[in-house]
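Novice: Residue numbers (the numbering used here): 1 to 97. The structure under discussion is supplied below as structure tokens; questions concerning it will follow.
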């Protein structure tokens with residue numbers, strides 16, 4: 001087999017210019033390092049009694065005692081006697097297209 005020469009197109013100056021990356025904006029600030037020193041005030045801070053009080057969760061009664069309503073599933077007599085108006089019946093019908 002013969003070695004074939006690779007036909008590479010000549011590289012134009014415009015192609016070289018387009019291949020270069022853009023420079024960053026003059027006001028660009030790179031990302032801050034993930035590790036930075038912690039200040040003395042942050043490492044030696046003390047929580048006030050009020051902050052400690054707010055940090056504790058609220059004392060609540062159990063849910064099954066607070067929200068228990070034995071009549072929750074009973075239907076009221078007024079709801080049993082309700083009548084649907086004619087206009088509502090008309091609106092409930094599907095549109096005929």
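Ideal Cβ positions, reconstructed from N, Cα and C, are used throughout, including at glycine. Keep in mind it's a predicted model, so treat the numbers as computed, not measured.
In the DSSP assignment, find the alpha helix (DSSP H) that holds residue 77 and state where it starts and stops.
Specialist: Counting along the chain, the alpha helix (DSSP H) containing residue 77 begins and ends at 77-80.
Novice: Is DSSP giving residue 86 helix, strand or coil here?
Specialist: In this structure, residue 86 counts as helix in the three-state DSSP scheme.
Novice: Applying the criterion that 16 or more other CB atoms from any shown protein chain within 10 Å of the CB defines a buried residue, is residue 95 buried or exposed?
Specialist: Exposed, by the Cβ-count rule.
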